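Student: Position 17, counted from 1, in the sequence shown is what full-length UniProt numbering calls 17; the numbers after and before it change by one each time, with no gaps.
Backbone N, C-alpha and C fix where the C-beta goes; we use that ideal spot for every residue, glycine too.
These numbers come from a predicted model, not from an experiment.
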Amino acid sequence: MGPGYFPIILSVLMILLGLVIAGLALRGPTMEHSFGQVPWRGVLLLIGAVLFFGFALRGLGLAPAVLVVVLVTAWSSRYATLRSSLPLSIGLAVFCAFLFIRLLGLPLPLTGPWLSPGHWSPVAIAPASSTMPPAATSGESR
Numbered sequence: 001m002g003p004g005y006f007p008i009i010l011s012v013l014m015i016l017l018g019l020v021i022a023g024l025a026l027r028g029p030t031m032e033h034s035f036g037q038v039p040w041r042g043v044l045l046l047i048g049a050v051l052f053f054g055f056a057l058r059g060l061g062l063a064p065a066v067l068v069v070v071l072v073t074a075w076s077s078r079y080a081t082l083r084s085s086l087p088l089s090i091g092l093a094v095f096c097a098f099l100f101i102r103l104l105g106l107p108l109p110l111t112g113p114w115l116s117p118g119h120w121s122p123v124a125i126a127p128a129s130s131t132m133p134p135a136a137t138s139g140e141s142r
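1. Under 7 Å Cβ to Cβ from A97, same chain only, skipping five residues before and after it: list those, please.
2. Should V38 go down as buried or exposed, given a rule of 16 or more other Cβ atoms within 10 Å for buried?
3. Where does A80 fall in DSSP's three states?
4. Please report the straight-line C-alpha distance between residue 162 and R83, rounded to a whole angstrom.
5. Would you mind sorting A25 into buried or exposed? The rule is 16 or more other CB atoms within 10 Å of its CB.
6. Within the same chain, show all residues whose beta-carbon is closer than 7 Å to that of A49, passing over the 5 residues directly before and after it, in chain order.
7. Rounded to a whole number of angstroms, what is the C-alpha to C-alpha distance between G54 and G23?
8. Taking the CB atoms as reference points, tell me whether G28 and G112 lie closer together than 8 Å.
9. Can you tell me whether L67 is buried or exposed? The criterion is at least 16 other CB atoms within 10 Å of its CB, across all chains shown.
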């Protein structure tokens, strides 16, 4: 029973739970549109938020990535308003930053390089030096 024992037990339990739920769903009576319409906007926004978090965490940093993800997932609901979603996203960003960076010590940037002005400013190309390197002398002096 090493460090990988607990995650294996959890994954086996989750697989068994998924099989039980799938079996119950297949065993029940089939009715067309028994669950109603699929909320495609919510499904797409949730999947997009997870993908965004995965791709933008290192570039944006933890706090901005969590802020955007919580706002996008709140927008997937019909009942969420900006007035309630904004404090929630700010609070979760602060909590996640404190928990993962400060308490757990994970090497995540609070704000990433994409938010620094130096990342987006054009790199100044140094002008070519007008001095030529000294030519090799052949031992003769003039």
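Tutor: Here's the rundown:
1. Here residue 97 refers to the residue found at position 97 of the sequence shown. Here the set comprises L62, A63, L110.
2. If you number the sequence shown from 1, residue 38 lands on position 38. By the neighbour-count rule (16 or more Cβ atoms within 10 Å), V38 is not buried but exposed.
3. Residue numbering aside, residue 80 sits at position 80 when the sequence shown is read from its first letter. A80 falls in the coil class under three-state DSSP.
4. Since the first residue shown for the chain is 1 and the last is 142, residue 162 is missing from the structure and cannot be characterised.
5. Here residue 25 corresponds to residue number 25 of the sequence shown, with the count starting at 1. That one is exposed.
6. Sequence index remark: in the sequence shown, residue 49 carries index 49 (1-based). Within the same chain, A49 has close Cβ partners V69, V72, T73.
7. Along the sequence shown, one-based indexing puts residue 54 at 54. Along the sequence shown, one-based indexing puts residue 23 at 23. About 32 Å.
8. As a working mapping, residue 28 is identified with position 28 in the sequence shown. As a working mapping, residue 112 is identified with position 112 in the sequence shown. Result no, Cβ atoms of G28 and G112 do not sit closer than 8 Å.
9. By one-based count along the sequence shown, residue 67 stands at place 67. Burial call: buried.
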